[in-house]
Each structure stands twice: as C-alpha cells, then as structure tokens.
Amino acid sequence: MNRAALATASVLVLMPFLWMISLAFTPEQDAFGSIGLIPAHPTLANFATAVTDARLGSAMFNSALVTAVAMVTNCLGAVAAGYAFALLPFRGATALFYTLISTAAIPVSVTLIPLFLMAKSMPLIGGNDLTGTGGTGLLDTLGGVVLPYLVLPMNIFLARQYFSTADPHLAEAARMDGAGEWRVFWRIYFPLARPLVAVIAIFSFTAVWDDFLWPLVVTSSQETQTVQLALARFLSTGNVQYGPLMAGAVLVTLPVIAVFLVNQRAFISGLTDGSVKG
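The opening residue of the sequence shown carries number 1 in UniProt numbering; numbering runs sequentially from there.
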C-alpha cells in the first residue's frame, strides 16, 4: 500500500517534467496535436530556436558566472563565519548569530528597495564618485545581480550547526603546535567539512540560478539578463512557441539536476551532520 502511494505520488510529481521534455522534442506544429508523451516525429529544432531567439546561450553564461561567484563566496565566507560562531566564541556571538539568522525571515519584497539603492550607490563604480552619487553603480551589471547572494544567512546557520559537532581538541592540538587561527580552519576543519561545502554549494547554486525577481529589478538590458529573465521575455513576445519554450526550460533545468546528482551523496551526508546531530 505504501509503495503504491509512493509510486502514485512520484508519477504525479514527474508528469509535468515528462510533459515538458515531450514538448521540447515535439515539432511546433504538432505541439498540441497529440496527448502522448512520446513525440511521433522528434526534433532538435526547438533547442536551436530557444538558444537563438531567446538568447539563451548568453543568458546561461551570465547565470553560470553569477552562480559560480556566489558558490565560491558562500563556500568560503559562510563556512568561515559558521566556524567562527561555533568554535571561536566571542562576546555577543550568540546575539549576533540570532540577529543574523533572523534576517532570513524578512520577505524578499521588503529588501528590494534597500538592495536597489545599495547597488545604485556603490562608490567608485558605474560612474559614481566616492560618495556613491553621479552614476548608476552596480545597476544593470552582473555584479549587481550577485550582490544579495554573496553570503546567505542560512548557509552560515548550516555551517555553525555543522561545526558545533566538530572536535575542538583538533584546534587545541594545532594551536599548541604554533598554528594560527586561519591555518587551523583552512588546513584542519575545512577539509573535514566537504559534505557541508557540498550542501552550501547546491543551496547557493539553486538560489541564484532560479532567482527571477532580483535580476528583473536590477537589470534592464538583454546583455545582463539571466536564464529566468530570458525565458520570461521569450514567453512575453506575444507569439508563444511552446516547443522552443519547453526546450529552453529543459536546458535551464539540466544544470540544477546535474549539480545535485554529482553532489547527492555529500549533500545527504551534510544535511544529516548539520541538522540531526546539531
């Protein structure tokens, strides 16, 4: 009974994805001519149309670049911050940590205007002077897109929970041998935190890759659009081509699936160590 219910739920969850794949390989003129999931005349033309008409190639490059920066800064900055909160106690650490984590509960819509003004007023960038006036700052740039994702509070939370279960005697032994705090972190604890790094990398990747609202606010040209904006603008052209649209959706989804599958084992291990044990 449980297996039947699980199988039914799995089919219901997978049906939209399977239908998307089917339409991606179906000729545009036959998109709604059949209810079968296997196209009678499969084609790759939809993918070529998605890449050219929707400018998906440049958009995927932009998203990949922004996502890579966010992954690196979170895997280093968030992990280092979590390590400091867990194993380098200082006065006010607990209050600072919970204040930082509480910002994750703030709705994104509330932070849009402050983030926009911050990006626009970035000093010495985009024609701005030292006071942040006179130019556009980080508006309509990939730097502006990645700005809110440089270090995510929930990644700091995961890192802190993970390092809370770490053995503090390793650091004490290293300090007795003359190692500094940075060396203790980088040479001892960071290599042990590979499952945590995998979790943070996946969370950072999906957060940036799937985001639509912030890139819509901070960018205005097609040269800086991300994949989600490219698909939305392709959909809003007036003449919706469902085959190429679904092909574009498949191309956008594949990197997310690939990143998860490659890091699946480390991802599950990191979640277990950081939540259950913590």
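C-beta: ideal position from N, C-alpha, C; glycine also.
Residue i and residue j closer than 8 angstroms at C-beta
i	j	result
residue 202	residue 263	yes
residue 54	residue 149	no
residue 45	residue 30	no
residue 153	residue 104	yes
residue 193	residue 162	yes
residue 159	residue 81	yes
residue 90	residue 217	no
residue 243	residue 27	yes
residue 66	residue 226	yes
residue 37	residue 18	yes
residue 204	residue 2	no
residue 229	residue 248	no
Residue i to residue j span [Cα, whole Å]
i	j	result
residue 5	residue 15	15 angstroms
residue 21	residue 146	30 angstroms
residue 10	residue 137	47 angstroms
residue 189	residue 78	14 angstroms
residue 187	residue 195	16 angstroms
residue 49	residue 241	9 angstroms
residue 151	residue 206	14 angstroms
residue 25	residue 84	50 angstroms
residue 219	residue 166	42 angstroms
residue 223	residue 141	9 angstroms
residue 62	residue 246	20 angstroms
residue 76	residue 32	48 angstroms
residue 156	residue 239	44 angstroms
residue 139	residue 261	34 angstroms
residue 257	residue 88	36 angstroms
residue 144	residue 209	15 angstroms
residue 23	residue 51	16 angstroms
residue 123	residue 135	9 angstroms
residue 168	residue 98	22 angstroms
residue 102	residue 42	50 angstroms
residue 178	residue 164	23 angstroms
residue 191	residue 68	20 angstroms
residue 47	residue 233	16 angstroms
residue 236	residue 60	19 angstroms
residue 221	residue 259	28 angstroms
residue 265	residue 121	42 angstroms
residue 64	residue 7	34 angstroms
Residue i - containing alpha helix (DSSP H), residue span
i	result
residue 161	153-163
residue 61	56-73
residue 104	Here residue 104 belongs to no alpha helix (DSSP H), and DSSP marks it neither H nor E.
residue 220	No alpha helix (DSSP H) holds residue 220; DSSP gives it neither H nor E.
residue 261	242-262
residue 46	45-53
residue 123	Element bounds for residue 123: n/a, residue is neither H nor E.
residue 236	Unbroken run through residue 236: none, as it is neither H nor E.
residue 172	168-176
residue 3	2-24
residue 195	194-209
residue 85	79-87
residue 181	181-184
residue 143	142-146
Residue-level contact to chain C via CB, residue i, 8 angstroms cutoff
i	result
residue 30	Protein chain content of the structure displayed is limited to a single chain, and chain C is not contained in it.
Residue i CB to nearest heavy atom of the ligand ZN below 7 angstroms
i	result
residue 146	Judged by which ligands are present, the structure shown has none, so any question about the ligand ZN falls away.
Between the stretch 105-114 and the stretch 207-216, do three or more beta carbon pairs fall short of 8 angstroms? yes
Should the stretch 238-258 be regarded as contacting the stretch 54-67, the criterion being three or more beta carbon pairs within less than 8 angstroms? yes
I'd like to know if the stretch 128-136 and the stretch 165-185 are in contact, where contact means that at least 3 CB-CB pairs between them fall below 8 angstroms. no
Could you tell me whether the stretch 164-175 touches the stretch 94-110, where touching means 3 or more Cβ pairs closer than 8 angstroms? no
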